[in-house]
Amino acid sequence: MSGSGFIQWRNCDTSILLATFVMQRQRFLLIGLGLLTLWRLALLPVQELSPDEALVVVRMQIGQWLGFEGCGPLLVWVVRLTTWIGGAGEMGVRMIAPFAALWTSLLLWQVSRRLYDAAVASWAVVILNVVPAFNLVAITLTPATLLNPLILFGLFRSLGTRDAPADRRDRWIASACLAAAVLVQPAIILAMVVATLGWLATPWSGYSAVLRTEWKKFAWVLLPMLVMLIAWAVWETLRGWPSGIDGGWAPCLFIAPNFLRWAVMVSPLLLTFLVWAAMKSRDGGRGSFILLWLVPMAVVDFFWGAWNRWPDGGAAPWLLFAAILLGYEAVTNAAVRTEDRISLRTIAIVLAAVQSAFVLFSDQPRSLGVPWQFAKESTKGSIYVRFFSADPAAVMRGWRQTAQLVGDVLKKGEVPGQPPWFVIAEDWRMAAPLEHYLAADVPCYRASTGHPRVQARQDEHSWDEPYSWWPRYDGLQNGTCPYMAHPALYVTADPASQPPASIRRAFGRTEILSVARIMHGGQEVRTIKIFACYDYRPPEF
0 MSGSGFIQWR
10 NCDTSILLAT
20 FVMQRQRFLL
30 IGLGLLTLWR
40 LALLPVQELS
50 PDEALVVVRM
60 QIGQWLGFEG
70 CGPLLVWVVR
80 LTTWIGGAGE
90 MGVRMIAPFA
100 ALWTSLLLWQ
110 VSRRLYDAAV
120 ASWAVVILNV
130 VPAFNLVAIT
140 LTPATLLNPL
150 ILFGLFRSLG
160 TRDAPADRRD
170 RWIASACLAA
180 AVLVQPAIIL
190 AMVVATLGWL
200 ATPWSGYSAV
210 LRTEWKKFAW
220 VLLPMLVMLI
230 AWAVWETLRG
240 WPSGIDGGWA
250 PCLFIAPNFL
260 RWAVMVSPLL
270 LTFLVWAAMK
280 SRDGGRGSFI
290 LLWLVPMAVV
300 DFFWGAWNRW
310 PDGGAAPWLL
320 FAAILLGYEA
330 VTNAAVRTED
340 RISLRTIAIV
350 LAAVQSAFVL
360 FSDQPRSLGV
370 PWQFAKESTK
380 GSIYVRFFSA
390 DPAAVMRGWR
400 QTAQLVGDVL
410 KKGEVPGQPP
420 WFVIAEDWRM
430 AAPLEHYLAA
440 DVPCYRASTG
450 HPRVQARQDE
460 HSWDEPYSWW
470 PRYDGLQNGT
480 CPYMAHPALY
490 VTADPASQPP
500 ASIRRAFGRT
510 EILSVARIMH
520 GGQEVRTIKI
530 FACYDYRPPE
540 F
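Shown next as structure tokens:
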């Protein structure tokens, strides 16, 4: 055998061995993703529904299929399908989450392989699946549950193939993904698109010339999304823009808490490596393309994502691109010795996996005897300052126990021949989970199937929350108020000794019936007060 023939044979043999190794790695990756999906399915019923998840279920049950209360209508349609398959419990409501996470992982592998190679793609998938924020949305129903795969699928079709650019059909599919994303969470997708286009237009991105010459293709992709956004803007305008009522339109400028939030939801070590990789890629190279998507989306999440209520990760799609960049650096970084690179990525992944377990199973410290209290409020960015002293998962604890307590009071208060009781909660965050967990046989009055069983407190000026535009207990039906003269239970976690003025004005008299501490893991989740309110008198319109 000649020398050249021997070299060719060795090269061929090496290529075959490398291809075999890569195929085996992908096989193990697929098996791992399958087992991880089964594990996530088993975790779905472990924690109770959060108020935002319960709100989607309430919207489905009372026929509010087309609005944007709390989120877009696509989540409501998905829950209608999954509860038909899996029932109305936590399993049925959240059933889409593990499969959406699996689809996201497979799409991430395809996008990463198209941009780089199979090794980078594999590491990107591994990194994504140990990130705490991704694991949280993989077992709960949040806007990010659907936004992640929609955005990745749109990008995947926009990239085209290695041999041919994206054609008209690919652009239409990408456009449909953006339009569908508007039906999930319009404010977030609008912010991310505007931030990305604004970043592309700057001279620092290096793509401003491309944006000017290819603007027709961008417009083509964005046009259906724009139509959907106009419909959403009309809906918001008619209701006084309620989406920003929790402060969501203004940026959250708690800089230190925002960094703490990222440290909690991403992992400190992965976040450190990400900043280093981004700085390394900013001056060009194959990693710079990912920065075009990573930077603007990360900015949106940093300043606006802190308004998200636990466990919502609605502005977190930037983590997908962060995983790609980290996977690229994990494979190709030549500045670090191979042995050190293997050690560093192993340590980072193990620590992130441990942190994911800590976020998903927040009862672990309490089971070890650590008195980790529950957070009483989770709507402000500053909640992350107290993360290590207060558990934000309180919003997913104690609702079944609270509903049982309310149900027992309703059953005891039922008197034949007297108007039946209805229930008012202090706000929608309490009303939605109470309605979901209130037993079907509890004698709770509602005027029609379009009325929620558990109403949120209203007054003549409250038109800024989800329940305000649904059939209300203070509204008219055929010229009269069907709740007039009915007694009600007012349920609140407010420490005040009496109901608010709007409740006292609306009823003939009120009295306290019960005070209960809702406990979990030896810690108080919330203190519930139940007031009896007699002889409802609707406001004069």
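In numbering that gives the first Met the number 0, the protein residues as written are 0 to 540.
Every residue, glycine too, gets a C-beta built ideally from N, C-alpha and C.
| Query | Result |
| --- | --- |
| Note down, in chain order, each residue of its chain lying with its Cβ closer than 7 Å to the Cβ of Y533, except the 5 sequence neighbours on either side. | P486, F506, G507, R508 |
| From A178 to I511, what does the alpha carbon distance come to, in whole angstroms? | 49 Å |
| If you reduce the DSSP assignment to three classes, tell me which class F20 lands in. | Legend: pLDDT at F20 = 47, less than 50; position of this residue unreliable, value from coordinates given subsequently. Helix. |
| Using a beta-carbon distance below 8 Å, is W398 in contact with chain D? | No chain D is present in this structure, which holds just one protein chain. |
| Assign Q476 to one of three DSSP states: helix, strand, or coil. | strand |
| Taking 8 Å as the threshold (C-beta atoms), are V265 and A132 in contact? | yes |
| From the DSSP output, in three-state form, read off A546 for me. | Beyond the ends of the chain as shown, which are 0 and 540, falls residue 546; an answer cannot be given. |
| Measuring alpha carbon to alpha carbon, tell me which of L199, G71, A41, A297 ends up nearest W261. | A297 |
| Go through its chain and collect everything with a Cβ distance to M395's Cβ below 6 Å, but skip five positions before and after it. | Q46, E47, S49 |
| Could you tell me which residues DSSP puts in a beta bridge with R506? | Contrary to the premise, residue 506 reads as Phe rather than Arg in this sequence. According to DSSP, F506 bridges with Y535. |
| Which runs of the alpha helix (DSSP H), 4 residues or longer, sit entirely within the region 234 to 322? | 254 to 265, 267 to 280, 287 to 303 |
| Apart from the five residues on each side of it in sequence, which residues of its chain come closer than 6 Å, Cβ to Cβ, to I150? | P316 |
| At the level of alpha carbons, what is the spacing between P419 and H435? | 20 Å |
| Which word fits T448, buried or exposed, when buried means at least 16 other C-beta atoms lie within 10 angstroms of its C-beta? | exposed |
| Which of the three DSSP states is assigned to F67 in this structure? | coil |
| Can you have a look at M59 and say buried or exposed, based on whether 16 or more other CB atoms are within 10 angstroms of its CB? | buried |
| Go to T448, then tell me how far its alpha helix (DSSP H) extends in each direction, as first and last residue. | Per DSSP, T448 belongs to no alpha helix (DSSP H) and is neither H nor E. |
| Between which two residues does the beta strand (DSSP E) carrying Y206 extend? | No beta strand (DSSP E) holds Y206; DSSP gives it neither H nor E. |
| Take the Cβ of W203 as the centre, count every other Cβ of all protein chains shown within 10 Å, and call the residue buried at 16 or more, exposed below. | exposed |
| Cα separation between L290 and F320? | 8 Å |
| Could you pull the DSSP bridge partners for T491 from this structure? | K528 |
| With distances taken from CA atoms, which of L154, M90, A374, W38 is nearest A356? | W38 |
| Please report how far the alpha carbon of P97 lies from the alpha carbon of T141, in whole angstroms. | 12 Å |
| Which one or two residues does DSSP pair with V422 in a beta bridge? | V453, L488 |
| Note the first and the last residue of the continuous alpha helix (DSSP H) segment covering Q363. | 363 to 366 |
| For D169, which three-state DSSP category applies? | helix |
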